[in-house]
Amino acid sequence: MMTTEAIQEEEPSDHFSMFSSQISKIKYSYNKIREVKSYRVGELFSAYRDILWDDGRHKYNVSSFIGEIDEILLGERFSAFDQGTLDNLIGTLRQRGNSNATINRKMAALSKLLRKAHKMGDIHSLPEFRRQKERAGRIRFLERDEEARLFAAIKSRSEDAYRLSVFLVDTGCRLGEALGLIWNDIQEHRVSFWITKSGRSRTIPMTERVKEVIKLPPTEGRRPKGPFTKLSQAQFRAIWNDAKAEVGLGADDQVVPHILRHTCASRLVQGGIDIRRVQMWLGHQTLSMTMRYAHLATNDLDGCVTVLETPRSGAAAGSAEGSVFSSPLMTAPSASPSKQKAEPAAAKAPRKSSKAK
1 MMTTEAIQEE EPSDHFSMFS SQISKIKYSY NKIREVKSYR VGELFSAYRD ILWDDGRHKY
61 NVSSFIGEID EILLGERFSA FDQGTLDNLI GTLRQRGNSN ATINRKMAAL SKLLRKAHKM
121 GDIHSLPEFR RQKERAGRIR FLERDEEARL FAAIKSRSED AYRLSVFLVD TGCRLGEALG
181 LIWNDIQEHR VSFWITKSGR SRTIPMTERV KEVIKLPPTE GRRPKGPFTK LSQAQFRAIW
241 NDAKAEVGLG ADDQVVPHIL RHTCASRLVQ GGIDIRRVQM WLGHQTLSMT MRYAHLATND
301 LDGCVTVLET PRSGAAAGSA EGSVFSSPLM TAPSASPSKQ KAEPAAAKAP RKSSKAK
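The following block contains the structure:
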């Protein structure tokens, strides 16, 4: 603490510099205080949608999800998204008839948006997002005769749509992945998908009929950018819906273009391809997604019947070598019975000699 005399003895410039230093400290501390603002979910989506989601059908779906959430929240503004608000939101979606799987998709979009807003300082607290338990539904796929009838009806309407259908069922790719292909993505006997849902590229070999359908018929004019760029998703879906109605599948709401991906996966599993390779083929980010098709690998369980049908009388005489599921450790070679009997005899020999002494 400076005395009055000390201050009077100092030059005026010294007083001014000391005062200025204190003022700058005050200003520095004030600048760190940030005004707390509130936002609607829709406003946050407008700010970050182009950063968080690429253009495409998924972004369109997310836009619909966020719009519905904003409507349920009545456009309420918030600076903190609490757990009670989230629980009420999930309850409302369930009352509207949303399945747990649909709720999970909508909450995944909301969670991604709120985490970004929290990181940027727009909101200062987040709720805990718990994944709803989903029931495994029946997976619909096309039988061979259904495919033949449907594809014939599609071909009568559009050769391009037919070529795309064959490509989808033999590669198992998503519709958007096929439409986004360019010629550089196709090299010799393989095709690479760069624009994928998971963001991870993958390359798979092509079947013979895929090699045929990616060849464009000779036409006049400029060559298109890719094998299927003449079609849009809306055009293909319209042709698909007309064709499926013609062949008697119009009432089946599961017969959508995505069924071709299910059909490809089902045929791979039923043909004996292991689940890890099927995951790589489809480009699933997690194995749990591919495990939905694991129940179709019925041949893997055929050995169980052999074991169960073995007569009880022969069970005791059976050994590990005859088991279809025997472990390599159980079938390892062991000492022969003659050697096992010889060892005790050798052990008794010293006793006889000791008695003789």
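FYI, the numbering for the sequence shown is 1 to 357, going by UniProt numbering. Positions of the beta carbon are idealized from the N, C-alpha and C atoms, including for glycine. All values derive from a computational prediction rather than experimental measurement.
- Counting the other CB atoms within 10 Å of its CB gives residue 244 a total of 16 or more, which places it among the buried residues.
- Look at residue 99 here: in three-state DSSP terms it is coil, with no helix or strand label.
- Within the DSSP secondary-structure output, residue 205 pairs in a beta bridge with 190.
- Taking C-beta separations shorter than 8 Å and ignoring five residues to either side along the sequence, residue 222 has no partners in its chain.
- When DSSP states are grouped into helix, strand and coil, residue 78 belongs to the strand group.
- The C-beta distance from residue 40 to residue 75 rounds to 5 Å, short enough to fall under 8 Å.
- By the Cβ neighbour-count rule, residue 165 is buried, with 16 or more other Cβ atoms within 10 Å of its own.
- Three or more beta-carbon pairs separated by less than 8 Å link the stretch 199 to 219 to the stretch 163 to 182, which places the two stretches in contact.
- Taking 8 Å as the upper bound for CB-CB distance, residue 201 and residue 192 are in contact here, some 6 Å apart.
- Here residue 151 is actually not in contact with residue 259; their C-beta atoms are around 12 Å apart, not less than 8 Å.
- Distances from the alpha-carbon of residue 132 to those of 95, 104, 190 and 115 put 104 closest.
- In the same chain as residue 139, and ignoring 5 residues on each side of it, the C-beta atoms closer than 8 Å to its own belong to 262, 266, 292 and 293, in chain order.
- With fewer than 16 other CB atoms across the displayed protein chains lying within 10 angstroms of its CB, residue 295 is exposed.
- Taking 8 Å as the upper bound for CB-CB distance, residue 176 and residue 57 are in contact here, some 6 Å apart.
- With fewer than 16 other beta carbons inside 10 angstroms of its own, residue 144 counts as exposed.
- The continuous stretches of alpha helix (DSSP H) do not include residue 130, and DSSP gives it neither H nor E.
- DSSP places residue 164 in the uninterrupted alpha helix (DSSP H) bounded by 159 to 171.
- Setting aside the 5 residues that flank it on each side, residue 80 is surrounded in the same chain by 123, 124 and 125, each with a C-beta closer than 8 Å to its C-beta; the list follows chain order.
- Judged by DSSP secondary structure, residue 59 falls within the alpha helix (DSSP H) whose first and last residues are 57 to 72.
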